[in-house]
Every structure is written in structure tokens, then in C-alpha cells.
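Enquirer:
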Amino acid sequence: MRVYNFSAGPGMLPLEVLKRVQSGLTDYNGTGMSVMEMSHRSKPYEKINDEAEALLRELMNIPSGYDILFVQGGATNQFSAVPLNIGTVNKKADYVITGNFAKNAYKEGAIHLDARVAASSEDENFTYIPELNPAMFRRDADFVHICYNNTIFGTCYRNVPDTNGIPLVADMSSMILSRDVDVSKFALIYAGAQKNIGPAGVTVVIIKHELTERADPKCPVMLRYDNQVKNKSLYNTPPCFSTYVVCEVLRYLKDLGGIKAIQAVNERKAKKLYDYIDGSTFYVNPVKKQFRSIMNVPFVSPSKELDDKFVAEASAAGLVSLKGHRLVGGMRASIYNAMPEEGVDALIDFMDKFKKANA
Ligand SMILES: *Cc1c(COP(=O)(O)O)cnc(C)c1O
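The opening residue of the sequence shown carries number -12 in the working numbering; numbering runs sequentially from there.
(1) Quick check on Arg255: buried or exposed, where buried means 16 or more other Cβ atoms within 10 Å of its Cβ?
(2) Does the distance from the CB of Arg201 to the CB of Ile73 come in under 8 Å?
(3) Anyone know if the C-beta pair for Gly185 and Gly61 falls short of 8 Å?
(4) Report yes if the C-beta distance between Phe269 and Arg145 is below 8 Å; otherwise report no.
(5) Measuring CB atoms only, is the region 82 to 101 touching the region 181 to 196, in the sense that at least three cross pairs come out at less than 8 Å?
(6) Within its chain, find whatever has a CB closer than 7 Å to the CB of Gly330; leave out the 5 residues flanking it on each side and keep chain order.
(7) Span of the beta strand (DSSP E) holding Ile194?
(8) Once DSSP output is grouped into helix, strand and coil, what is the label at Asp332?
(9) Determine the direct distance from the alpha carbon of Glu292 to that of Pro225, and round the result to whole angstroms.
(10) Considering only C-alpha positions, which residue in the set Val252, Tyr115, Ala(-5) and Lys340 is nearest to Ser267?
(11) Please tell me whether Leu221 and Asn36 are closer than 8 Å, where the distance is taken between their beta carbons.
(12) Can you have a look at Val22 and say buried or exposed, based on whether 16 or more other CB atoms are within 10 angstroms of its CB?
(13) When you compare only the Cα positions, how much space is there between Leu198 and Ala174?
(14) Helix, strand or coil for Thr138, going by three-state DSSP, please let me know.
(15) Measuring CB atoms only, is the region 69 to 85 touching the region 123 to 131, in the sense that at least three cross pairs come out at less than 8 Å?
(16) Is the separation between the beta-carbon of Val191 and that of Ile163 shorter than 8 Å?
(17) What are the partner residues of Leu155, as DSSP defines its beta bridges?
(18) May I have the straight-line CA-CA distance separating Glu40 from Asp295, to the nearest angstrom?
(19) What residue range is occupied by the uninterrupted alpha helix (DSSP H) comprising Met47?
(20) Does any heavy atom of ligand 2 sit closer than 7 Å to the C-beta of Asp158?
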């Protein structure tokens, strides 16, 4: 039996995608082999690699001056790749700290360049996104780094910050393809696939072409964007199977009607859950309303004991991985693209029964 999996990552994949992958598992498209067993230099794999790129470009409306890469090492590897590739002109970068991943990106940046905290919401345990304006950034910074959706704390930017021309880099791991984003406002976007668009093992990088041409000569070859661009992400053996599953997810999203269609579903799912929490007088979400994420929804019950009971009973009822991150406690429902609306309905129904039994 399939459960409703509210894990923050790896997250759920659409059942239709899993079934398609299953049906081609031992014989992909008449090749007589699985994508797992296929040479990354073979025609069928090249086709998958090209299709994944083309579909991502189409779905996100990525302008032609941007390169798309499928690389390894997770979003965390990009914390190093970004400063080593683009933080090389004045060796200065400004970071906005809105959670743990944003802070880890900053710490990694500080190893390679003069990293500065331009703003932080740590004073209120990352329950909001700081107000930003161009004057907060150093004019000679090589880039500004933000984490667009904060997976642990359940916050999201409402609009793209204005950096007055300084290249803007965004970690979109937990919201990529969940809603419309104007890619042209960013210099670089990266996202580990395992939250919203596929299995772990592959990370998407979308980068303005001109920024691929200024890597630090000491940058390891696997991290070099110019090297990956030149080789169409096939410099060495890529995570073929993960990229293939991403490709199937992208096909699925396109068939569904694209980003606008999935965005409408996502907004409806999130609204239902937040409306229920706000109206409950039992559950509380600590995030300032205008910064609430539509992907990750943290909430608490009246006590730590009830939180533990909630997580255990929900799990027994087929609603799994609802335990909050250790930094926040309580519960967290990650309701990525693949979480069906019925899953959110089932969660709300369970929350209401639990409340009545324990209030
Ligand atoms: C999960 C996550 C990461 C870490 O991703 P890995 O692929 O495990 O390195 C970084 N940033 C954000 C926003 C995340 O949600």
C-alpha cells in the first residue's frame, strides 16, 4: 500500500512516474536494458539528457542565454561551486541568511572568498524573510546569494529581491517547478532534485552563460561550470538513472499543463492546510503569513508530548514522515508537487480527529 509521504526530502514522486519507470525498468524503449545499465555515451541516453534539458527549458521558460546542467553532489556541492566559479572577480559575495541551508552556503562561501551577511532573520528563529533593498549589498560583490524557499522553517520569498545588477544566485531546491519564476531575474539557480523533481543524485544548475567563463583556475574540474557546459553534463559518468527519472517527472508536468497548472494545485493545497491550522486554536504555524511556503508547512500542537503522539498516530494512519526538523520541533508537512490533494485532505481530516481526541 502506498502511504502519503510528507517527507521534506527525498520527497514523494508521482505514482504515474514511478509506474512508467517500472514499466521500462528492465527494457527501456526496446533497448533491451535498463537506463541504469546504459552507457552515458549511447544514443538512447543522449536523447534522455537532451530531452530533460529541453523540457526544463520549456517548462521554466529559461531564456536562450542560460545553460542548464545536471550535476552530482547535491545542492550542498553548489555551496562550493558557486563561489569557485563566479566569486572570482572581486572575491566578495553577500549572503542573506534565512535558515540552515542559507547559513551553510554562507559558511562554505567564507572558505573561498570575502563572504558577508547582508541580512538575516535568525533573530526571530527564521520565521520571516528580511526586507531587502539594493543599498544592503556591496556594489562590488560578485554575487548575492539567497535561499528562495526555506525547507526547514517553511518560509519563501514573496518577490525576487532587487540587487541593482549584482548577479543573484538562488537555492531553489525545495520549490523549483512548484510555481512560476522569472528566470531572467537570476544569474544562477540551483536545486537538488530530490525535493520536488526527482530522486537524489542529480542537481539542476541554471546559469547565465557569461558567468560560466570566470572560474577560479584552482576550481576542481568536476565543479567547473564551463567544463560541464562544454560536455553537456557528460564530462564523466553522470547519475543517468536519476536524470532519467527527472525527465519522466518533467514529461508528466508538461502533460499536466505545465507550471501554471501545478501552481494552482499547490496554492489550493497550501491554502487548505494553512486555513485549517489558523482556524484550529490547537495547531500553530509560527511563520509570518506573507512569507509562508506553499511547499513546507511546519506546525506544532499545544505540547511536545502531543507532538510526539501526533507523529506516531499519523504514521500508523498512513500519513508518514511528519516529524518536524530537529531545529524547529513539532511537525512539518512537505506538500511538494507530487503530494496529491487527497493527501492534504487526509492530513487535515486526521488533524481534526486528533484535535478532538486530545484538546
Ligand atoms: C535539502 C536542501 C539542501 C541540501 O540538499 P542536498 O542535495 O542534500 O545537498 C540545500 N538547500 C535547500 C533549500 C534544501 O532544501
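Every residue, glycine too, gets a C-beta built ideally from N, C-alpha and C.
Expert: Per the coordinate set shown:
(1) exposed
(2) yes
(3) no
(4) no
(5) no
(6) Tyr(-9)
(7) Thr190 to Lys195
(8) helix
(9) 45 Å
(10) Lys340
(11) yes
(12) buried
(13) 8 Å
(14) coil
(15) yes
(16) yes
(17) Val131
(18) 43 Å
(19) Lys30 to Met47
(20) Although ligand 2 was asked about, the structure shown includes only ligand 1 as ligands.
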